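Below: one structure, written as structure tokens.
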Amino acid sequence: MTPFRYERASEIASAGASAAQPTAKFIAGGTNLVDLMKLQIETPAQLVDISRLPLDRIEETAGGLRIGALVTNSAAAVDMRVRRRYPLLAQAILAGASTQLRNKATTGGNLLQRTRCAYFYDTTKPCNKRVPGSGCAALEGLNRMNAVLGVSDHCIAAHPSDMAVAMTALDAVVETIAPDGSARTIPIDALYRPPGNTPHIETVLEPGELIVSVLLPPPPAGRQVYRKVRDRASFAFALVSVAAILDLDGDRVRAARVAFGGLSYKPWRSAEAEAALVGAPATRAAFDAAGTAALRNARGYGHNDFKIPLARRTLRATLTQAAGLA
Amino acid sequence: MDDWLSLAHLISRRLFLKTTGVATLALTAPPALAETAAEAAVPPSEHVSLTINGRRYAIDLDPRTTLLDALREHFALTGTKKGCDQGQCGACTIIVNGQRINSCLALAVMHDGDEITTIEGLAEEGTLDPMQAAFVRHDGFQCGYCTPGQICSAVALLAEHDAGWPSYVTADVATAPALTDAEIAERMSGNICRCSAYPNIVAAIREVSKGGRQ
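Protein sequence lines, in the order shown, are assigned to chains A and B. Just so we're aligned: 285 in numbering that gives the first Met the number 0 is position 286 of the first sequence, and the numbers increase by one with no gaps anywhere. Just so we're aligned: 9 in numbering that gives the first Met the number 0 is position 10 of the second sequence, and the numbers increase by one with no gaps anywhere.
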């Protein structure tokens with residue numbers, strides 16, 4: 000670990016000013032950042048510890064919930080309001096990591112965790128995200144875990160979160176405070192920047208801008224299901240995951256929400272799949288058509304070609320379960 | 000163990016660690032990295048107070064020190080093990096303010112004032128914690144390296160289950176599930192045992208969850 004100055008933030012309003020320099024970083028749970036610092040992938044000169052700020056509560060809003068940025072993943076997943084009204088979110092959080100990590104990892108940190116692309120971690124290899132302009136070793140490399148949608152020839156890293164996939168399906172809104180004290184809200188789907196030719200810039204957050212909470216709108220009608228496919232039964236990142244909310248009118252789809260994990264630089268909400276589902280019968284053929292629509296623009300890079308048919312089949316399985324047909 | 004013995008043990012142990020540590024570094028660290036680390040300014044140390052197994056500890060630490068290294072290298076509590084040092088194996092699992100965490104990914108300075116239980120704190124006056132006794136009875140280990148983490152994790156698991164926590168394998172997350180073997184396996188997935196003593200670990204936890212010996 001390179002040396003850093005440590006500062007404990009005592010107020011939400013002033014935390015951002017300390018962290019506004021490009022060499023400073025917020026730290027909360029630290030489950031991702033400390034690991035990256037040990038590997039010298041992250042080398043902050045200053046750490047601003049926000050873990051004691053009063054952002055660890057889950058509050059009722061008009062029909063929804065506001066989850067503080069420092070609510071741990073465990074605390075969010077065991078909250079009975081989350082479990083009853085947003086079972087999709089509880090399932091997704093419980094699908095990620097281990098209990099030890101979830102006890103430490105926070106809501107804000109989970110959203111901002113870095114990719115687990117093998118070449119981002121391997122400091123002997125080029126990586127445009129780690130060292131801008133150095134190239135992308137994953138394009139021609141062992142890219143089995145990498146993305147197939149929305150990425151570029153500069154970076155094909157996938158976002159690793161499960162929680163964020165469920166939040167994307169739930170139309171969550173990220174609430175932030177800038178160093179000058181101004182607040183803004185960012186729909187979660189707009190939080191992440193496409194890699195383009197600047198994959199080292201991952202979100203629209205400004206320097207020192209602090210996520211203070213995530214707002215969950217009232218849950219939409221319909222049955223919520225999160226399904227994750229991975230290399231082992233537990234404690235592994237998703238190859239593909241699907242968050243689906245399906246509202247049926249008899250045997251027809253009245254409304255649908257579909258978001259994928261493991262496929263892109265962000266949780267991938269599929270308007271194409273949702274459009275294909277609305278008004279369609281709740282049948283295997285309709286679910287397959289939705290999958291075809293969702294993956295139409297997908298591109299594999301060799302080792303990860305399997306993700307495209309796997310995503311279609313995982314969507315079908317998830318929708319079948321959400322429709323009560325499984 | 001009398002004080003002389005424990006001190007001698009500590010010193011020889013630390014010498015051993017230093018020697019092997021240098022050898023490993025020379026083999027694996029690229030020269031540039033070693034130079035950077037040597038030349039870099041040491042950050043100002045931070046005062047840290049911790050309550051560990053009911054006893055107060057206070058020390059000035061380099062802020063880079065993890066809880067794991069603070070326990071092992073500064074407080075001589077070597078029951079907590081360093082496996083992967085990156086949050087994947089669970090050997091370093093300890094209980095902080097009632098919750099199990101990976102101590103390798105926690106900076107000690109961020110835990111100033113916290114209450115910590117390690118494997119050394121589970122037995123009371125020479126009597127093993129029921130979970131420790133169950134691991135012995137069921138042979139829930141082979142080499143034993145992951146065992147302190149497994150046991151701390153299992154103790155916390157029971158408290159989480161008592162509090163009604165669901166898991167990924169819980170069919171309806173709004174319910175508090177029975178602690179089936181599938182639930183135990185899922186909840187213990189953050190602790191890896193490369194000797195693969197898993198069936199016996201599950202048996203030990205199952206027994207304690209049901210209130211004792213079966």
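Built from N, CA and C at the ideal position, the CB exists for glycine as well. What you are looking at is a predicted structure, and each value in this text was computed from that prediction instead of being measured.
Nearest CA to the CA of M166 of chain A: which residue from A:A76, A:L215 and A:A156?
A:L215
Partner residues on chain B for S50 of chain A, Cβ-Cβ distance less than 7 Å
M109
V154 of chain B and D128 of chain B - do their beta-carbons sit closer together than 8 Å?
yes
Residues of chain A with CB closer than 7 Å to the CB of S166 of chain B, please, in chain order.
L93
Three-state secondary structure (DSSP) at N196 of chain A?
In the structure shown, N196 of chain A falls within a coil segment according to DSSP collapsed to helix, strand and coil.
Secondary structure at R51 of chain A, three-state DSSP: helix, strand or coil?
coil
With a threshold of 16 other CB atoms inside 10 Å of the CB of N296 of chain A, please say whether the residue is buried or exposed.
It is exposed - the Cβ of N296 of chain A has fewer than 16 other Cβ atoms within 10 Å.
So which of A:G260, A:D188, A:A289 and A:K265 has the shortest CA-CA distance to A274 of chain A?
Out of A:G260, A:D188, A:A289 and A:K265, A:A289 has the C-alpha closest to the C-alpha of A274 of chain A.
Interface partners of L100 of chain A on chain B, CB under 9 Å:
G86, I100, N101, L104 and G189
Contained beta strand (DSSP E) runs [length at least 3] in the stretch 66 to 152 of chain B, N- to C-terminal order:
92 to 95, 98 to 101 and 114 to 116
Alpha carbon to alpha carbon, how far is A243 of chain A from V257 of chain A? Give it in angstroms, no decimals.
5 Å
Could you pull the start and end residues of the beta strand (DSSP E) that Q223 of chain A belongs to?
R222 to V228
Could you name the residues of the stretch 170 to 189 of chain B whose beta carbon sits closer than 7 Å to any beta carbon of chain E, in the order they occur along the chain?
In the structure shown, chain E cannot be found, because the protein chains are A and B.
R222 of chain A to A254 of chain A, Cα distance in whole Å?
11 Å
Indicate whether the contact test is met: 3 or more Cβ pairs, each with one atom in the stretch 97 to 107 of chain B and one in the stretch 152 to 169 of chain B, closer than 8 Å.
Touching, yes, given that three or more Cβ pairs across the two stretches are closer than 8 Å.
Is there at least one Cβ from chain A nearer than 8 Å to V207 of chain B's Cβ?
no
Would you list, in chain order, the members of the stretch 222 to 247 of chain A that have their beta-carbon closer than 7 Å to a beta-carbon of chain B?
S233 and F234
Looking only at DSSP bridge pairs, what is E174 of chain A linked to?
A:T184 and A:S212
Measure the beta-carbon distance from A203 of chain B to A133 of chain B and round it to whole angstroms, keeping in mind my assumption that it falls under 8 Å.
Here A203 of chain B really is in contact with A133 of chain B; their C-beta atoms are around 4 Å apart, less than 8 Å.
Is any beta-carbon of chain A found at less than 8 Å from that of E114 of chain B?
It does not; no Cβ of chain A falls within 8 Å.
Give the range of the beta strand (DSSP E) segment to which V17 of chain A is assigned.
It should be pointed out that residue 17 of chain A corresponds to Ser in this sequence rather than to Val. Not the beta strand (DSSP E): S17 of chain A falls in the alpha helix (DSSP H), residues I11 to S17.
Run of the beta strand (DSSP E) containing G260 of chain A, from where it starts to where it stops:
R251 to G260
Going by DSSP in three states, E185 of chain B sits in which element: helix, strand or coil?
helix
Tell me the DSSP bridge mates of A240 of chain A?
The sequence shown places Ser at residue 240 of chain A, not Ala. By DSSP's assignment, S240 of chain A forms a beta bridge with A:K227 and A:G260.
Less than 8 Å between the CB atoms is what I'm expecting for L209 of chain A and A14 of chain A, so what's the real figure, rounded?
6 Å
Using only CA atoms, which one of B:V201, B:R63 and B:N190 lies nearest to H232 of chain B?
It is not possible to answer for residue 232 of chain B, since the shown part of chain B is limited to 0 through 213.
Whose C-alpha, out of A:S9, A:S73 and A:S97, is nearest the C-alpha of T106 of chain A?
A:S73
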